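Asker: So the protein lines, in turn, are chains U and Z. For what it's worth, our numbering labels the leading residue of the first sequence as 9, then goes sequentially. For what it's worth, our numbering labels the leading residue of the second sequence as 9, then goes sequentially. C-beta atoms are modelled at their ideal positions from N, C-alpha and C, and glycine is treated no differently. Just so you know, these numbers come straight off a predicted model, no measurement behind them. A single structure is presented below for examination.
Number of protein chains: 2
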Amino acid sequence: MTRFTYFLVAIGAMAGLVTLSAPAPGHADDQPAAPFVTEIPHGYRDWQWISSAHEAGNLNSLGAVLGNDVAINAFRKGTLPFPDGAIIAALHYRHVPSDENNKVFGQAQSFVPGPPTNIQFMVKDSTKYAATGGWGFGHFGTDGKPGDAAFMKSCFPCHEKAKVTDLVFTRYAR
Amino acid sequence: MTRFTYFLVAIGAMAGLVTLSAPAPGHADDQPAAPFVTEIPHGYRDWQWISSAHEAGNLNSLGAVLGNDVAINAFRKGTLPFPDGAIIAALHYRHVPSDENNKVFGQAQSFVPGPPTNIQFMVKDSTKYAATGGWGFGHFGTDGKPGDAAFMKSCFPCHEKAKVTDLVFTRYAR
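What follows is the structure, encoded as structure tokens:
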């Protein structure tokens, strides 16, 4: 497998973090495509920490979920649905052993974020993204390019399963 | 095993995140004990995200490392040693499966932070903590109480092994 193929496979696998299952049927082809997030929100790396996430198996991912001020306030107060302006960012990395830490531990037990795989966003705008539950979904590979329209169609049907928490799977770690 | 015993075992296990190995001999008993951090630094939950960490095995921990502005700036610029005023916080939780996510995935692969176990700090003050490499170490159980002096003696001998990065094991996730 070439490095490039491997990269595409990795990105594809990580996409499961949004889809969480095989893509469900989207809109019929004669309907306009629902909009999705096409630009990386500014300053997301400075946002506060909501939680960490480890996905074993094929995803093999270790990452963090961060939120802008609107999202963080809503998480802390338990505000549902999330207000317009809330943005949630999921930063994904390969889940790799830390040789350095394991040497000190004397055994293989320490795992850290390895190479980044993708960044995903949920942007709340109940008008712009009315067709997808008020959330705009975003997925950006390490090249900074957004997922294409066909791919992005798979986000909403899966997140819809978390209706009771306004389509958000992540819980705030206290 | 009673719940309380279990709690103590969990705290003891998590302590390994600081010690990373069996406690090495500390100072001779006729020397004054090195100071350590006895109060939880204010506002740490609002700090920015440095990285996530998964410790398998007995520790069974999933958490996040956060930093105050001084620490974050140093991490981003690669400033070594860390300047006085830098504080690094490690928030530790049990590494537990997310039944909710796994139901959507259709398989057991999703792990999230469970109950908190402890919070650990490294506070840079090259005068106050000169005896321990310029860092004050802190460990607080879920009751908010600091580790005792005997316990805290084990932090520095282990962190000293990361001398090349000023006693800090965690890398900034980009």
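Of the residues that make up the stretch 47-63 of chain U, which ones have a beta carbon closer than 7 Å to any beta carbon in chain Z?
Answerer: Within the stretch 47-63 of chain U, the residues whose Cβ lies closer than 7 Å to some Cβ of chain Z are D54, Q56, W57, S59, S60, A61, H62 and E63, listed in chain order.
Asker: For R182 of chain Z, does the three-state DSSP call read helix, strand or coil?
Answerer: In the structure shown, R182 of chain Z sits in coil (DSSP, three-state: anything other than H, G, I, E or B).
Asker: Are there 16 or more other CB atoms within 10 angstroms of the CB of E168 of chain U, so buried, or fewer, so exposed?
Answerer: That one is exposed.
Asker: Closer than 9 Å, Cβ to any Cβ of chain Z: which residues of the stretch 109-120 of chain U, in chain order?
Answerer: Those residues of the stretch 109-120 of chain U that come within reach of chain Z (Cβ to Cβ, closer than 9 Å) are N109, K111, V112, F113, G114, Q115, A116, Q117, S118, F119 and V120.
Asker: For chain Z, is any of its Cβ atoms less than 9 Å away from the one on F177 of chain U?
Answerer: Interface residue, yes.
Asker: Could you tell me whether any Cβ in chain Z is nearer than 9 Å to the Cβ of C166 of chain U?
Answerer: So yes, C166 of chain U belongs to the interface.
Asker: Three Cβ pairs or more, each shorter than 8 Å: is that satisfied between the stretch 79-86 of chain U and the stretch 144-164 of chain U?
Answerer: With the cut-off at 8 Å, the stretch 79-86 of chain U and the stretch 144-164 of chain U do not touch.
Asker: Please decide whether S162 of chain U counts as near chain Z, where near means a Cβ-Cβ distance under 9 Å.
Answerer: No, S162 of chain U does not count as interfacial toward chain Z.
Asker: Within a Cβ cutoff of 6 Å, which residues of the same chain sit near V73 of chain U, ignoring the five residues on either side of it in sequence?
Answerer: The answer, listed in chain order, is I58, S59, A98 and T178.
Asker: Using three-state DSSP, classify H103 of chain U as helix, strand or coil.
Answerer: It is a strand residue.
Asker: Pull up the distance between the alpha-carbon of A116 of chain Z and that of P123 of chain U, whole angstroms please.
Answerer: Cα-Cα distance, rounded: 24 Å.
Asker: Which residues in the same chain as P91 of chain U place their Cβ atom closer than 8 Å to its Cβ, once the five residues preceding and following it in sequence are excluded?
Answerer: Within the same chain, P91 of chain U has close Cβ partners V78, A82 and K132.
Asker: Quick one: is H50 of chain U buried, meaning 16 or more other Cβ sit within 10 Å of its Cβ, or exposed?
Answerer: The residue in question, H50 of chain U, is exposed, as its Cβ has fewer than 16 Cβ neighbours within 10 Å.
Asker: Alpha carbons only, please: which of U:A181, U:A42 and U:E63 is nearest the one belonging to P121 of chain U?
Answerer: Checked all of U:A181, U:A42 and U:E63; the closest Cα to P121 of chain U is U:E63.
Asker: To the nearest angstrom, how far is the alpha carbon of A157 of chain U from that of E108 of chain Z?
Answerer: The straight-line gap from Cα to Cα measures roughly 27 Å.
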